[in-house]
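Quick note: to get the numbering used here, add 8 to the position in the sequence shown (first position is 1).
Single-structure report; data block below.
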Amino acid sequence: MNNQIMNKSKKLVIVGAGEFAEIVYEYFMLDSPYEVVGFVVEEKYLREKSLFDLPITSFERIKEIFPPDEYEVFVAVTYVKLNRERRRLYTECKKMGYTCASYVSSRAFVWHNVEIGENSFIFENNVLQYHVKVGNNVILWSGNHVGHRSIIEDDCWLTSHDVISGFCRIGRGSFIGVNATLGDNVTLGEDTVLGAAAVTVKSLLDIGRVYIGSPARPLGKTSYEQFQVEVK
Numbered sequence: 009m010n011n012q013i014m015n016k017s018k019k020l021v022i023v024g025a026g027e028f029a030e031i032v033y034e035y036f037m038l039d040s041p042y043e044v045v046g047f048v049v050e051e052k053y054l055r056e057k058s059l060f061d062l063p064i065t066s067f068e069r070i071k072e073i074f075p076p077d078e079y080e081v082f083v084a085v086t087y088v089k090l091n092r093e094r095r096r097l098y099t100e101c102k103k104m105g106y107t108c109a110s111y112v113s114s115r116a117f118v119w120h121n122v123e124i125g126e127n128s129f130i131f132e133n134n135v136l137q138y139h140v141k142v143g144n145n146v147i148l149w150s151g152n153h154v155g156h157r158s159i160i161e162d163d164c165w166l167t168s169h170d171v172i173s174g175f176c177r178i179g180r181g182s183f184i185g186v187n188a189t190l191g192d193n194v195t196l197g198e199d200t201v202l203g204a205a206a207v208t209v210k211s212l213l214d215i216g217r218v219y220i221g222s223p224a225r226p227l228g229k230t231s232y233e234q235f236q237v238e239v240k
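What follows is the structure, given as structure tokens:
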């Protein structure tokens with residue numbers, strides 16, 4: 009049992025009440041110093057009053073019920089609209105003065121000089137090597153390898169068993185499908201979608217493109233079309 013369970017020194021509110029929020033609740037409660045005290049969702053999505061015997065209240069009242077000087081938050085929203093919804097809610101929480109907690113599994117390998125931003129979630133069996141940088145609002149599902157000196161920019165979502173080799177850079181808002189592979193020194197442009205099992209050993213710098221296959225090749229639609237994002 010993780011010793012962190014013994015000392016619940018911080019109070020956490022989860023933004024969201026779906027499947028991902030339930031998973032986030034389990035991990036924070038069983039493997040972190042945080043005690044989850046409630047959930048909030050936007051008023052238009054408020055259907056239930058409780059989850060795990062904790063209250064679900066409206067996001068619009070979060071500062072009134074859970075003041076930012078007493079509680080931290082975690083925005084538990086998936087990659088819907090190419091991570092835009094999670095980004096929007098994270099940004100709103102920051103504007104209200106909240107600290108957004110990050111979670112790193114006790115079963116992940118994270119080298120001592122790795123940097124991880126706010127509202128990021130690192131599942132079990134991830135390997136983050138020497139001088140890796142993970143931005144704000146990033147999700148690394150289980151079993152990924154992120155090689156030395158690589159950078160994952162804000163608002164990205166890596167699924168599972170992705171291999172990011174050394175000196176790579178994944179552009180903001182990108183989505184990486186399961187079992188994808190990047191060779192050394194590869195950069196992906198902002199809002200890239202790399203499909204399941206896609207492989208690239210060269211940089212793909214265009215913004216908002218979808219790539220599939222091995223070697224990765226562009227699909228005939230943008231990532232914005234794929235994820236139904238309105239581009240202004």
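Positions of the beta carbon are idealized from the N, C-alpha and C atoms, including for glycine.
- By the neighbour-count criterion, in which 16 or more other beta carbons inside 10 Å mark a residue as buried, G179 falls on the buried side.
- In the DSSP assignment, S66 falls within the unbroken beta strand (DSSP E) covering 62-66.
- Across the set L213, K89, R96, the C-alpha of K89 shows the shortest separation from the C-alpha of E233.
- Boundaries around F28 are those of the alpha helix (DSSP H), 27-38, since no beta strand (DSSP E) includes it.
- Within the stretch 120-177, no complete alpha helix (DSSP H) segment of 4 residues or longer occurs.
- Among the bridge pairs identified by DSSP, E43 is matched with K19.
- Residue state for T99 is assigned as helix, using DSSP reduced to three classes.
- Residues of the same chain with a CB within less than 6 Å of the CB of V81, apart from the 5 flanking positions on each side, are V21, V23, C101, Y106, C108 in chain order.
- One Cα belongs to E123, the other to V49, and the distance between them is close to 29 Å.
- Shortest Cα-Cα distance from C176 to any of V154, A224, S128, I70 involves V154.
- The stretch 164-175 makes contact with the stretch 142-156: 3 or more CB pairs, one atom from each, lie closer than 8 Å.
- Within a 10 Å sphere around the beta-carbon of E27 sit fewer than 16 other beta-carbons, which makes this residue exposed.
- Contact check between the stretch 209-218 and the stretch 186-194: three or more CB pairs, one atom from each, fall below 8 Å, which counts as touching.
- With respect to the C-alpha of M37, the residue from Y53, L54, K19, A25 having the closest C-alpha is K19.
- Beta bridge pairing from DSSP links R225 with I220.
- Nearest to N91 by C-alpha distance, out of G216, Q137, I220, is G216.
- Scanning its chain for C-beta atoms nearer than 6 Å, with the 5 sequence neighbours on each side dropped, one finds around L136 the residues V118, V122, V154, in chain order.
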